[in-house]
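Student: Chains A and B supply the protein sequences, listed in that same order. Start counting the first sequence at 0; every next residue gets the next number (numbering that gives the first Met the number 0). Start counting the second sequence at 0; every next residue gets the next number (numbering that gives the first Met the number 0). We put the CB at the ideal spot given by N, CA and C, even for glycine. First, the structure itself, so that you have it in front of you.
2 protein chains.
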Amino acid sequence: MNNTSSQIHSTPLPTREGQGGGSSRVSTYLFTVEPFHVDFTGHLFLGVLGNHLLNAAGRHSHDRGWGIDQLNERHYTWVLSRLSIELTEMPAQYEHVEVETWVESVMKLFTERNFLVRNADDGRIYGYARSIWAMIDVETRQPSDLLALKGGDILNYIIPADEKPCPIDKFNARVRMSDAATAVDIPTHYSDVDINGHINSIKYIEHILDIFPREQFEQHRIRRFDIGYKVESYLGDTLHIKSEKLKTRDGEVMDNEDIVEIRKHVGSAEKPNGEVVVHAKVVWE
Amino acid sequence: MNNTSSQIHSTPLPTREGQGGGSSRVSTYLFTVEPFHVDFTGHLFLGVLGNHLLNAAGRHSHDRGWGIDQLNERHYTWVLSRLSIELTEMPAQYEHVEVETWVESVMKLFTERNFLVRNADDGRIYGYARSIWAMIDVETRQPSDLLALKGGDILNYIIPADEKPCPIDKFNARVRMSDAATAVDIPTHYSDVDINGHINSIKYIEHILDIFPREQFEQHRIRRFDIGYKVESYLGDTLHIKSEKLKTRDGEVMDNEDIVEIRKHVGSAEKPNGEVVVHAKVVWE
Chain A
0 MNNTSSQIHS TPLPTREGQG GGSSRVSTYL FTVEPFHVDF TGHLFLGVLG
50 NHLLNAAGRH SHDRGWGIDQ LNERHYTWVL SRLSIELTEM PAQYEHVEVE
100 TWVESVMKLF TERNFLVRNA DDGRIYGYAR SIWAMIDVET RQPSDLLALK
150 GGDILNYIIP ADEKPCPIDK FNARVRMSDA ATAVDIPTHY SDVDINGHIN
200 SIKYIEHILD IFPREQFEQH RIRRFDIGYK VESYLGDTLH IKSEKLKTRD
250 GEVMDNEDIV EIRKHVGSAE KPNGEVVVHA KVVWE
Chain B
0 MNNTSSQIHS TPLPTREGQG GGSSRVSTYL FTVEPFHVDF TGHLFLGVLG
50 NHLLNAAGRH SHDRGWGIDQ LNERHYTWVL SRLSIELTEM PAQYEHVEVE
100 TWVESVMKLF TERNFLVRNA DDGRIYGYAR SIWAMIDVET RQPSDLLALK
150 GGDILNYIIP ADEKPCPIDK FNARVRMSDA ATAVDIPTHY SDVDINGHIN
200 SIKYIEHILD IFPREQFEQH RIRRFDIGYK VESYLGDTLH IKSEKLKTRD
250 GEVMDNEDIV EIRKHVGSAE KPNGEVVVHA KVVWE
């Protein structure tokens, strides 16, 4: 899927509270970092944070009549295309966390939704996230024209970037793997799939992080994670996960950046020729 | 661990509301079944339900001064020894669920904690759960005398079975595997371990259910799940998961009951001789 050709609609609207806030277009979602949701360093698993972001997105949409449950009746569903999370700090066990979410722009076939992640007690900001979504027709699996649905109602919820900035870079994981990448095959099981029978968006994040050894997490924190979803995979598919250190155009190896590609594993282990399911980049600090 | 020799203390106490309720000793914990927490049938993953039960237990303990965060300062921590969940129905996506939890009994080295799982809107009961916990000294790893801690304060929270029944059988997964059991090796990774570096209690449930094919979940629902935790396993351990259909003493094969044993995989694949980490039983409907 390609979003470069669509015109961006980001009509500013008056906010209920006057300048800056735009709270009628922002939803805030609160959660506590539970004991079984932290890793061995005592910090929230990135996948669990991702789940909270997606839940916040779901509620924000629902509260404005664009929820997946409301859209299903109309034979549409939201599909996550890209997710980028960038954090200066990962929430720790028992901390109370607030997720703010809002829509930055709407194009014909895509919408950009942003997130702010903040400590609910002292207000310090852990970081931000960006996501890109498409609306598909569940029968044809084709993307729908967001601007044509519900008489363009979605335009009412946009908060343009100059009004509410999301100060992290846009998605940035379009990197070609070399033949030297290491690979691992991961079978998929019951726990991997969602209600649609697809491998759950969050489970890909877990599988990607699970390719790294304990020492990586002992010595480094994830500063940024980008993941792009290309095609669906299904229960029983074997995921062929390739990864390597990012190389700059000059051939310099970036020790703190790993690029990852997941393909459906058809063909032999030596020559997997399945479609790219997911591509991702992890930046460590 | 063995709890048969300790005397059960279950002194009835007056309840705040008079008969039956005992609400000062019961905590109620509310959650919504989130879209990413349901399986392909649209029902809550058993592991996610288990996580909610453990969170309810944690809050109930915390609110009475027995939380893991409060106990850590005293160098003690709760360890889950057994968990049994029995359901007539599994909550479905978007349903609102209430978990009630209370302590049924306290022995010297163990306490029994029960759960009721109910629809928060219409009150219908999905099912019940039972659990057994020990308190260990985090330095010696030895179980502590629950009755000696905090001057026997824990006895104040008991609701005996005749006052608040939990109408499901006690833990029932002490079954010997035959040599004919099928086996699979599961490596463990970053996402499997908790803050103590141990494989997370809930992840064992996921790994166990993942040995079953899609058809099992299409054709059957989990009516009851028993799991007993014997020793800890750690990040990097390979789990050797054996399973087979339960056989009665007469040799009859119970098609709807699977017994499962997880060992740490040391030795060869043919002759694994690691310790038993977990044993479990799944009853299907």
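(1) Within the 8 Å Cβ cut-off, does H188(B) reach chain A?
(2) Can you list, in chain order, the residues of its chain with a C-beta nearer than 8 Å to that of R247(B)? Leave out the 5 residues immediately preceding and following it.
(3) So, helix, strand or coil for G46(B), using DSSP?
(4) For H42(A), collect the residues of the same chain with a Cβ closer than 6 Å to its Cβ; drop the 5 residues on either side in sequence, then sort them by chain order.
(5) Select from the stretch 201-216 of chain A all residues with a C-beta closer than 7 Å to any C-beta belonging to chain B, and list them in chain order.
(6) Would P90(B) pass as an interface residue toward chain A - the criterion being a Cβ-Cβ separation below 8 Å?
(7) Does the contact criterion of 3 or more C-beta pairs under 8 Å hold for the stretch 21-33 of chain B versus the stretch 97-114 of chain B?
(8) List, in order along the chain, the chain A residues whose C-beta lies closer than 7 Å to that of L238(B)?
(9) Y93(A) versus chain B: which residues are under 8 Å apart at the beta carbon?
(10) What are the residues in the stretch 228-254 of chain B lying within 8 Å of chain D by C-beta distance?
(11) Roughly how many whole angstroms lie between the Cα atoms of Y127(B) and T110(B)?
(12) Of all Cβ atoms in chain B, is any one closer than 8 Å to the Cβ of P13(A)?
(13) Using a Cβ cut-off of 8 Å (strictly closer), state whether N50(A) contacts chain B.
(14) Buried or exposed for T187(A), please, with buried defined as at least 16 other CB atoms from any protein chain shown within 10 angstroms of its CB.
(15) Whole angstroms are fine: how far does the CA of G49(A) sit from the CA of V137(A)?
(16) Rounded to whole angstroms, what's the CA-CA distance from E214(A) to N118(B)? Just pull it up for me.
(17) State the start and end residues of the unbroken alpha helix (DSSP H) segment that holds R213(B).
(18) Can you tell me whether DSSP reads N54(B) as helix, strand or coil?
(19) My assumption, with CB atoms under 8 Å, is that A172(A) sits in contact with K280(A). Please give the rounded CB distance.
(20) What residue from I258(A), S130(A) and K169(A) has the CA that sits closest to L79(A)'s CA?
(21) Locate the alpha helix (DSSP H) running through E205(A), then write down its first and last residues.
(22) Can you name, in chain order, every residue of its own chain whose Cβ lies under 6 Å from the Cβ of S200(A), other than the five neighbours on each side?
(23) Name the DSSP beta bridge partners of L86(B), please?
(24) Please confirm whether I194(A) has its beta-carbon closer than 8 Å to some beta-carbon of chain B.
(25) With G227(B) as the anchor, note down where its beta strand (DSSP E) starts and where it stops.
(26) Kindly give me the distance between the Cβ atoms of I204(A) and I185(A), rounded to whole angstroms, as I take these residues to be in contact under 8 Å.
(27) Please confirm if V259(A) has its CB atom under 8 Å from at least one CB of chain B.
(28) Could you work out which residue in H74(A), S242(A) and K263(A) is closest to S232(A) when comparing CA atoms only?
(29) Output the boundary residues of the beta strand (DSSP E) element that contains N118(B).
(30) Quick check: F170(A) and S190(B), are their CB atoms within less than 8 Å of each other?
(31) Tell me whether N113(A) is buried or exposed, calling it buried when 16 or more other Cβ atoms sit within 10 Å of its Cβ.
(32) Can you check whether the C-beta of D38(B) is within less than 8 Å of a C-beta belonging to chain A?
(33) Within its chain, find whatever has a CB closer than 6 Å to the CB of F30(B); leave out the 5 residues flanking it on each side and keep chain order.
(34) Are the C-beta atoms of F35(B) and some chain A residue less than 8 Å apart?
(35) Could you check if N255(A) is buried or exposed, using at least 16 other CB atoms within 10 Å of its CB as the buried criterion?
(36) Could one say the Cβ of N54(B) lies closer than 8 Å to chain A's Cβ atoms, at least one of them?
Tutor: A quick look at the data gives this:
(1) Mapped onto the second sequence, residue 188(B) falls at position 189. Output row for H188(B): interface = yes.
(2) Mapped onto the second sequence, residue 247(B) falls at position 248. As written in the sequence, residue 247(B) is Thr, which differs from the Arg given in the question. Within the same chain, and ignoring the five residues on either side of T247(B) in sequence, the residues whose Cβ sits closer than 8 Å to its Cβ are M253.
(3) For the purposes of this step, residue 46(B) is identified with residue 47 of the second sequence, where counting begins at 1. Of the three classes helix, strand and coil, the one that applies to G46(B) here is helix, per DSSP.
(4) By one-based count along the first sequence, residue 42(A) stands at place 43. M89 and A91, listed in sequence order.
(5) I201, E205, L208, D209, F211, R213 and F216
(6) Along the second sequence, one-based indexing puts residue 90(B) at 91. Chain A contact via Cβ: absent.
(7) yes
(8) Your numbering for residue 238(B) matches position 239 in the second sequence. Within chain A, no residue has its beta carbon less than 7 Å from that of L238(B); the closest one is some 14 Å off.
(9) By one-based count along the first sequence, residue 93(A) stands at place 94. Going along chain B in sequence order, the residues near Y93(A) (Cβ under 8 Å) are D68.
(10) No chain D appears in the structure shown, which is made up of the protein chains A and B.
(11) Counting from 1 along the second sequence, the entry for residue 127(B) is found at position 128. Counting from 1 along the second sequence, the entry for residue 110(B) is found at position 111. Taking the straight line joining both Cα atoms gives about 17 Å.
(12) Here residue 13(A) refers to the residue found at position 14 of the first sequence. A caution first: P13(A) carries a pLDDT of 30, below 50, which makes its placement in the model unreliable, though a value can still be read off. Output row for P13(A): interface = no.
(13) Taking the first sequence and counting its residues from 1, the one referred to as residue 50(A) is at position 51. Yes, because at least one Cβ of chain B sits closer than 8 Å to the Cβ of N50(A).
(14) For the purposes of this step, residue 187(A) is taken as the residue at position 188 of the first sequence. Classification for T187(A): buried.
(15) One-based indexing of the first sequence puts residue 137(A) at position 138. One-based indexing of the first sequence puts residue 49(A) at position 50. Roughly 24 Å between the two C-alpha positions.
(16) As a first step, residue 214(A) is located in the first sequence; it is residue number 215 there, counting from the start. As a first step, residue 118(B) is located in the second sequence; it is residue number 119 there, counting from the start. Straight through space, the alpha carbons of N118(B) and E214(A) are spaced by roughly 43 Å.
(17) Position 214 of the second sequence, counting from 1, holds the residue named residue 213(B). Its alpha helix (DSSP H) spans residues R213 to Q218.
(18) As a first step, residue 54(B) must be located in the second sequence, where it is residue number 55. N54(B): helix per DSSP, three-state reduction.
(19) Here residue 172(A) corresponds to residue number 173 of the first sequence, with the count starting at 1. Here residue 280(A) corresponds to residue number 281 of the first sequence, with the count starting at 1. Indeed they touch by this definition, with Cβ atoms about 4 Å apart.
(20) Here residue 79(A) refers to the residue found at position 80 when the first sequence is read from its first residue. Of I258(A), S130(A) and K169(A), the residue nearest in Cα terms is S130(A).
(21) To locate residue 205(A), count along the first sequence from 1; it is residue 206. Its alpha helix (DSSP H) spans residues S200 to L208.
(22) On the first sequence, residue 200(A) is found 201 positions in, with the first residue counted as 1. Taken in chain order, the residues that qualify are L79.
(23) The sequence position of residue 86(B) within the second sequence is 87, counting from 1. Beta-bridge pairing links L86(B) to G126(B).
(24) Here residue 194(A) refers to the residue found at position 195 of the first sequence. For I194(A), the answer is yes, since a Cβ of chain B falls inside 8 Å of its Cβ.
(25) Along the second sequence, read from residue 1 onward, the residue named residue 227(B) stands at position 228. Looking at the DSSP string, the run of the beta strand (DSSP E) that includes G227(B) is I221 to Y228.
(26) Here residue 204(A) refers to the residue found at position 205 of the first sequence. Here residue 185(A) refers to the residue found at position 186 of the first sequence. About 13 Å separates the two Cβ atoms, so there is no contact after all.
(27) Residue mapping note: residue 259(A) aligns to position 260 of the first sequence, counting from 1. No, V259(A) lies away from the interface with chain B (no Cβ there is under 8 Å from its Cβ).
(28) Position 233 of the first sequence, counted from the start, is the residue given in the question as residue 232(A). When only C-alpha atoms are compared, the closest one is K263(A).
(29) Looking up residue 118(B) in the second sequence gives position 119. First-last of the beta strand (DSSP E) with N118(B): T110 to N118.
(30) Mapped onto the first sequence, residue 170(A) falls at position 171. Mapped onto the second sequence, residue 190(B) falls at position 191. The answer is no: Cβ separation not under 8 Å.
(31) Here residue 113(A) refers to the residue found at position 114 of the first sequence. So N113(A) ends up on the buried side.
(32) Looking up residue 38(B) in the second sequence gives position 39. Cβ-Cβ to chain A under 8 Å: yes for D38(B).
(33) Working through the second sequence from its first residue, we reach residue 30(B) at position 31. Cβ neighbours of F30(B) beyond the five flanking positions: H51 and V96.
(34) As a working mapping, residue 35(B) is identified with position 36 in the second sequence. Chain A, which has a Cβ nearer than 8 Å to the Cβ of F35(B), makes this yes.
(35) As a working note, residue 255(A) is residue 256 in the first sequence. Exposed, since its Cβ has fewer than 16 Cβ neighbours within 10 Å.
(36) Translated into positions along the second sequence, residue 54(B) becomes position 55. Output row for N54(B): interface = yes.
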